[in-house]
Each structure stands twice: as structure tokens, then as C-alpha cells.
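First residue of the sequence shown? That's 29 in our numbering, and the numbers climb one at a time after it.
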Amino acid sequence: MFGDLSQQQIEEVLQSQIIGRLGCHADGVTYIVPVSYAYDGEYIYGRTKEGMKINMMRKNREVCFEVDVMQNMANWQSVIAWGEFEELTQEPGRQMALKKLNDRVLPMVTSATTKLYEEWPFAPNNLQSITGIVYRVRLKKKTGRFENNAVPSFLGWG
């Protein structure tokens, strides 16, 4: 069965994941890239370095964000949201965003087998020393779909 997610289900999907896909468009080029993120009910927060994504978002602040929960090809939920990019260069907004990212992403990526790169974990009391570009996307519109089938129909068992 296919259907639309309720607003509550959309919020649950956005809250439950830490990896989404950010889509941006500028100068006739569309670019979609996976990003780690934190979500607070209104904004998606992220951190990046200089590059194509940030350059495109500076040119065109209107972006798209997608996140999904995939059990298998016949059981999934997907949320697509449209919003506006904002670079956070001033305090305390930048620190607040870094704290949200640290609180959300760090517990999910630390394990005995995870190899953290040199900037993780960063100390919550020293957020000013963290380099990179911190941004947020204010989500203006959100929509969601799902499929829920006990047996994938492409197997011919249903």
C-alpha cells in the first residue's frame, strides 16, 4: 500500500535520521549531496567546508532536502522538504547550531569500530575553535510518502 505520511510521521522521520540529501541549484546545474544533520522542528543544521554545495547555496538560497527510512524496496518512508539556506557566521547562532549537531550526530557515530576524523569529537565547551561553515535550512514545506507491503510485489508472491 502506498500513501501520504501525516505531519506527525513526517516529523518523526526527520527527527529519527542523521543522514539526508541536500539538493541545490545554481547557474543551470543541480547538485544533490548526502549530509549529516540535526533537526529541531523548524531548521536542518549542518556543517561543511568550502566547495560546490556551499557556493551554489550562496547563489541560490532555495534548497530541497530529502531523508528516508528504508526497510526494503517495498517498505519505506520518504520525506521531501523545501527551504531556505542561511549561513551562520555570528555567535551565538553558530555555537547553538554546532551544539545541536554535536548532541545529535556524535552519539550516533561513536562506536568501537567507528573511525572518527580529526575534528570529531569536538568538545562542547570549545565550539568557537571548530572550523568550517555552519549553516541551517528553514524548512518551509514538507511532504512525505510511504510504501508498506509485507512482500515485495516484484517477487510475484503477493
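Ideal Cβ positions, reconstructed from N, Cα and C, are used throughout, including at glycine.
Query: What is the DSSP secondary structure of Asn-177, reduced to helix, strand or coil?; Result: coil
Query: So, for Thr-171: in the same chain, excluding its five sequence neighbours on each side, which residues have a beta-carbon less than 6 Å away from its beta-carbon?; Result: Ile-108
Query: Any contact between the region 116-124 and the region 81-91? By contact I mean 3 or more CB pairs, one from each, below 8 Å.; Result: no
Query: Whose CA, out of Val-91, Asn-176, Gln-35, lies closest to the CA of Ile-72?; Result: Val-91
Query: Exposed or buried, what is Val-57 when buried is set at 16 or more other beta-carbons lying within 10 Å of its beta-carbon?; Result: exposed
Query: Which partner residues of Glu-119 appear in the DSSP bridge assignment?; Result: Looking at the DSSP assignment, Glu-119 forms no beta bridge with any residue, so it has no partner.
Query: If I measure Cβ to Cβ from Met-80 and keep anything under 7 Å in the same chain, skipping five residues before and after, which residues do I get?; Result: Tyr-59
Query: Pick from Phe-113, Thr-76, Val-61, Met-98: whose alpha carbon is nearest that of Glu-70?; Result: Phe-113
Query: How far does the alpha helix (DSSP H) with Glu-39 in it extend, from its first residue to its last?; Result: 35-44
Query: Give me the residue from Val-95, Asn-176, Val-165 with the minimum Cα distance to Tyr-38.; Result: Residue identity differs from the one stated: residue 38 is Ile in this sequence, not Tyr. Looking at the Cα atoms, Val-95 is the closest of the given residues.
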